[in-house]
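Spelled out as structure tokens, the structure:
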């Protein structure tokens, strides 16, 4: 008989908290709640009650469970949870999920596409899951229930941590259950509680009164109807555990010890055991009452774990299908197992303790024999064995007492999982294998484990393990395998900006491989060493020479990698060359990236293809200021679900929008991605977005906002990154010029140049090839030879730099007595910088004073144009400086009265004042001075002065032509 309580006893406060959390989720105030307690304490019952409450509110419920078989299946609980919803309701079709479907395809089979796929990181997947849950819970909130997290894979735990930390404003309740066993799940739950992003409810044991109430509910008995002796037996043996209460009660009823009579329930005398032996004996007695084939089926299934697949069970038992399903039906009717629900061919024991109790009922030798028999059946699958079966085989070998065989199978499963990109789960399997493997074979597994740890982001552990590997004879196959592991760790180190550790791994590889490494490994090493040259703190004293050597080595590496069928290494090499070749010109850099694109497309490497598109788009933006190709690359990254790469492109697009004066667009991009990049630990993109934010504030003259953004930039390690020249040049130097602090601007520009001289530079917008030559030319400290060197540099190819270099050239020509050449240089510079409005007007403001002093160009027009722009932009220091320069040049300066914004730009540029414009708009009707004076309440003499000024500023010869011009302007305004 099944003795199951229809009510939850002793959990009133926990139930109330879950009800409040569910209501808060419906109000977009999400939270994570973790139910922690021993097996059988009632975690699943509470979670089920919460799910039922959510159903009653018509809120979506997603429910998944980790497997207790010991199998490591990345994201299994999450996949099951989403499937539990989408199997009945279908997948959501909201367009806002489109960018996240590629990432979520790891969890939702319906969203998987044929063709290239971008491997997403755990945090990218977690962010995509957050977006999905937000959409599902938009109307009434939603609940995701994840049970038995203590048995979950590391990837799922990482996703749970991320989701729990980011639910505050979302319509989502995350409910997890786990045992209080030391491990990652418990650590994450308690850490989240410490950060106040989650609530941990530790479920305690029931007291005697609550046990009594539960027993009455199980038997549907009236209060006081169950004999005191039965209650005493249950209370003593169950120890307050609700599941054990039900099991013991069922055993008492099944054995006839507790039975219903005409006068109520009666308890017979009989022996009783202790916990847990009593429970084990209880299950042994229940098994003895089942038919032998059913008993064998349950014992074998328990050996496979608390959940099991029917085909696998059939393989082990060898039953015919009809007999197998008859026995499964009998076991189900006995209340021991039930269909799992997550998959049609999977069953689960009613409780994890059931499987444990069944196997404990066997003698040790019987347990080992059962496991050995199951392992032998699985071995017959051979190469067709699935990854789950391989892990289960390892578990069975361990249960059979063969630790070495278990370790070998776990190691093989871990290496395969590493090859599939599931580094976190691979590390778990390899750690288990490392513990089980005999000492002589441990170093081989440790090397694979170091690579898995590195790629899983556990860098400190990977570095320590790699450093402690015992030596192997150089030049042997073992040395080659060890070198591969060191190279993988080195690549992770260099990508994580740990140059010293990367250099140590490189030295270890070279010691293993000797003076002539195999070509493929030499190529991979050259790529790592090339990136080391670029990192601050990397080896080498002569930045330029080191960069040149690295470029030569990378070019050889690319050729070798292509020749030896190593397309990933080839793409890495061409990518590196795309950076290093900028010193040879952007045509050369683009040629390298085009080659990278070709290799990636030929070998269907979606991730590297998108990287190539992004870098080509970035170069196009630098050369022309046009972000069209960069935006297309972002679309490609989004289609692949490459969230981190998309954030990287967003940083470039945000900076492009800043330079192009598209303030609102830049703000939208930064707000969209800067915090998301921090959440997914995309540090390089996060830094670039912070710098774009600071540069946006600097270019708008907002000093407080600039300093706040720069503080965040520094805290993110920005001043130890390759972005330092941009920080000084694009942000601080331009900001100083907008404050009319030319000395401060020069200091920032020279700081950028000093930084670049010590290291290879990836960026050419720090001012060395543009703004600094102009500032020096204006100060008279710029040497003409240095200026010509700058003009001949590859940095001069960039549109932003062309603008300032052209203006510097104009200053030198004007000072040298070539006014026509100077004026043409200004026109050429303005054409080059057409897409950069702030930079164009700043350059006009700067060059105008030199033009006044040396008598060339149109400085008054330039100053008025610049004054108009900076006044409208709210950058008053520059606007005031322009007005002061106009007065020094003997020209009229705008008074900035109210109504100036109504004056059309061409007239404002000509210096027309608001009062003069009021006269101008009346002229189409050809009024006399008296009429104008009466209309504007001014004197006729003032009208005469305004008319004279309008004639001069518009270039008209007489009053009639001025009136005609005003009429034409009015007609054009009406048509527009």
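Numbering (the working numbering), first residue to last: 1 to 976. Glycine included, C-beta positions come from ideal geometry on N, C-alpha and C.
Could you say which of the options lies nearest to residue i if we only look at CA atoms?
i: residue 626; options: 245, 944, 50 and 653; result: 653
i: residue 601; options: 590, 613 and 970; result: 613
i: residue 699; options: 430, 125, 94 and 841; result: 841
i: residue 666; options: 683, 696 and 647; result: 696
i: residue 705; options: 714, 31, 693 and 716; result: 693
i: residue 645; options: 441, 893, 152 and 677; result: 677
i: residue 669; options: 651, 136, 362 and 681; result: 651
i: residue 300; options: 392, 14 and 111; result: 392
i: residue 284; options: 359, 222 and 92; result: 359
i: residue 291; options: 333, 316, 250 and 258; result: 333
i: residue 524; options: 560, 29 and 682; result: 560
i: residue 152; options: 76, 99, 190 and 808; result: 76
i: residue 862; options: 411, 848 and 875; result: 848
i: residue 325; options: 307, 345 and 335; result: 345
i: residue 246; options: 230, 315 and 126; result: 230
i: residue 624; options: 803, 123, 31 and 504; result: 803
i: residue 529; options: 515, 495 and 516; result: 495
i: residue 83; options: 675, 110, 100 and 380; result: 110
i: residue 759; options: 583, 783, 850 and 628; result: 583
i: residue 378; options: 268, 656, 314 and 864; result: 314
i: residue 122; options: 101, 112, 157 and 88; result: 157
i: residue 962; options: 933, 922 and 934; result: 922
Is the beta carbon of residue i less than 9 Å from the beta carbon of residue j?
i: residue 490; j: residue 472; result: no
i: residue 578; j: residue 566; result: no
i: residue 546; j: residue 533; result: yes
i: residue 753; j: residue 770; result: no
i: residue 365; j: residue 387; result: no
i: residue 427; j: residue 445; result: no
i: residue 513; j: residue 483; result: yes
i: residue 811; j: residue 778; result: yes
i: residue 806; j: residue 826; result: yes
i: residue 189; j: residue 72; result: no
i: residue 227; j: residue 258; result: yes
i: residue 406; j: residue 397; result: yes
i: residue 339; j: residue 331; result: no
i: residue 728; j: residue 751; result: yes
i: residue 672; j: residue 649; result: no
i: residue 637; j: residue 629; result: no
i: residue 659; j: residue 836; result: yes
Using a Cβ-based criterion (distance less than 8 Å to any ligand heavy atom), does residue i qualify as near the ligand FAD?
i: residue 663; result: The ligand content of the structure shown is nil, which means the ligand FAD is not present either.
List the whole-angstrom C-beta distance separating residue i from residue j, where the pair is believed to meet the contact cut-off of C-beta under 8 Å.
i: residue 562; j: residue 553; result: 15 Å between Cβ atoms; not a contact.
i: residue 243; j: residue 40; result: 3 Å
i: residue 67; j: residue 305; result: 7 Å
i: residue 14; j: residue 167; result: Contact flag wrong, Cβ pair sits at about 19 Å.
i: residue 679; j: residue 96; result: Not a contact, Cβ separation roughly 18 Å.
i: residue 954; j: residue 910; result: 6 Å
i: residue 422; j: residue 155; result: 7 Å
Validate contact between the segment 846-856 and the segment 867-878 using beta carbons, cut 8 Å, 3 pairs: no
At least three beta-carbon pairs within less than 8 Å, the segment 687-696 to the segment 704-722: yes
Ranges of the alpha helix (DSSP H) found wholly within the segment 112-152, counting only runs of at least 4: 122-136
Stretch-stretch touch, CB-based, cutoff 8 Å, three pairs: the segment 56-63 with the segment 139-158: yes
The segment 452-462 / the segment 475-494 touching (three or more Cβ pairs under 8 Å): They touch, by the three-pair rule.
Contact between the segment 144-152 and the segment 161-178 (3+ Cβ pairs under 8 Å): yes
At least three beta-carbon pairs within less than 8 Å, the segment 42-50 to the segment 208-223: Too few Cβ pairs lie closer than 8 Å, so no.
Secondary structure, alpha helix (DSSP H): runs of 4+ residues fully inside the segment 585-643: 586-602, 606-624 and 628-640
Residue ranges of each alpha helix (DSSP H) within the segment 406-439, 4 or longer: 423-436
Every unbroken alpha helix (DSSP H) inside the segment 889-975 [4 residues or more]: 905-909, 914-920, 929-936, 940-954 and 959-975
Residue ranges of each alpha helix (DSSP H) within the segment 721-799, 4 or longer: 734-738, 742-758, 771-779 and 784-792
Cβ contact check for the segment 919-930 and the segment 874-886: 3 or more pairs under 8 Å: No: the two stretches stay apart, fewer than three of their Cβ pairs being nearer than 8 Å.
Touching by the beta-carbon criterion (3+ pairs, under 8 Å), the segment 400-411 and the segment 122-135: no
At least three beta-carbon pairs within less than 8 Å, the segment 936-948 to the segment 908-927: yes
Beta strand (DSSP E) runs wholly inside the segment 156-192, at least 3 long, in chain order: 172-178
The segment 604-622 / the segment 85-92 touching (three or more Cβ pairs under 8 Å): no
Unbroken stretches of the beta strand (DSSP E), 3 residues or longer, contained in the segment 487-547: none
4 or more residues per run - each alpha helix (DSSP H) lying fully within the segment 225-256: List check, alpha helix (DSSP H) in window: 228-238 and 242-254.
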